[in-house]
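In my numbering, the protein residues as written are 134 to 487.
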């Protein structure tokens, strides 16, 4: 099972970068800029990796004869890291490893710090935002110092507890978004912002995402039960309990407010301010119809015009309600003082040509 699936915070971390960095800009610009930055960084890292591996291979082939025709080429990716310590270019490889870790960890740490500081700022509005970020960074650094002096073999249980906490938090978030909020509404949000509807494949993947997290959580529980060291199991359980406590602290105030109102179901409802930042965009999202942009008629009709949704004339050409006298067919043939007659047929044709 790939280890990347065990880090739900990194899976959900990519799309959150643009929200904090480009939140005041247009959502379309925010999404495009985030994708461009992510693509440039990933391409630069891949190019640097290929250049470093090529340099290491050239240095290795200078002292060791490698017969590509006999030795499979993919073994070079195993030989080169192991033989790097005996080559003068080992500093280059070490520099790449640390740079890759920095690029991979900085976005996750930045998102974690901003999320925690935002939650704390909502609870303590009198404290300035910059002070909360500074205190959070200092506390995180101070609490991580004891971990640096612990032996590596003593950190196994702690790492299992950390991955388990990430999995249950990510699984709980996916459960709320994909099942309680609904994949249909989630797809409509994407269609509203980007202008296209996600395919059936992605909707199915999102629907099964909480199940995947549940399977991974069960796997971590099984891995924790197989630890022979009781101290490691206690460290893992303490880390999981600490994560539960931190999450509960931020939710107690909200839950208590709904309990006092005798409305526990209100906990599961989204806020009235949920949605786009701009109030006008939020109103347009509430009135958004998926058939407008996808050009899919709800009656399975052929779309003949971009102006109307289908050729069901009685359903499409709806005017304001009139009295029975005005809507009578005999008024089509009645001549009046004005050229505009109360005829829905004439008005429809006139509006269609204009």
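Glycine included, C-beta positions come from ideal geometry on N, C-alpha and C.
- Between the alpha carbons of residue 415 and residue 311 lies a gap of roughly 21 Å.
- Excluding residues up to 5 positions away in sequence, 269 lie with their Cβ nearer than 7 Å to the Cβ of residue 249 in the same chain.
- Of the other Cβ atoms in all chains shown, 16 or more fall within 10 Å of the Cβ of residue 365; this residue is therefore buried.
- Counting the other CB atoms within 10 Å of its CB gives residue 374 a total below 16, which places it among the exposed residues.
- A straight line joining the alpha-carbon of residue 362 with that of residue 412 spans about 56 Å.
- Fewer than three pairs of CB atoms, one per stretch, sit closer than 8 Å, so the stretch 319-333 makes no contact with the stretch 378-395.
- Restricting attention to 358, 341, 355, the CA atom closest to the CA of residue 308 is found in 341.
- DSSP places residue 258 in the coil class of the three-state scheme, outside both helix and strand.
- Non-local beta-carbon contacts of residue 352 in its own chain, meaning distances under 6 Å to residues more than five positions away in sequence, are absent.
- Unbroken alpha helix (DSSP H) runs of no fewer than 4 residues, entirely contained in the stretch 321-392, are found at 333-358, following chain order.
- Going by beta carbons, residue 360 and residue 408 fall outside the 8 Å limit.
- DSSP, read as helix, strand or coil, puts residue 402 in coil.
- Residue state for residue 420 is assigned as coil, using DSSP reduced to three classes.
- Taking a contact as a CB-CB distance under 8 Å, the pair residue 369 and residue 293 counts as one, their CB atoms being some 5 Å apart.
- Around the C-beta of residue 297, 16 or more other C-beta atoms lie within 10 Å, and the residue is accordingly described as buried.
- DSSP, reduced to helix, strand and coil, places residue 284 outside both helices and strands of the structure shown, so it counts as coil.
- Assignment of residue 409 by DSSP, reduced to helix, strand and coil, places it in the coil class.
- The C-beta of residue 263 has fewer than 16 other C-beta atoms within 10 Å across all chains shown, which makes the residue exposed.
- A Cβ-Cβ contact shorter than 8 Å links residue 316 with residue 339.
- The residue from 325, 233, 398 with its alpha-carbon nearest to that of residue 421 is 325.
- Boundaries of the alpha helix (DSSP H) around residue 299: 289-308.
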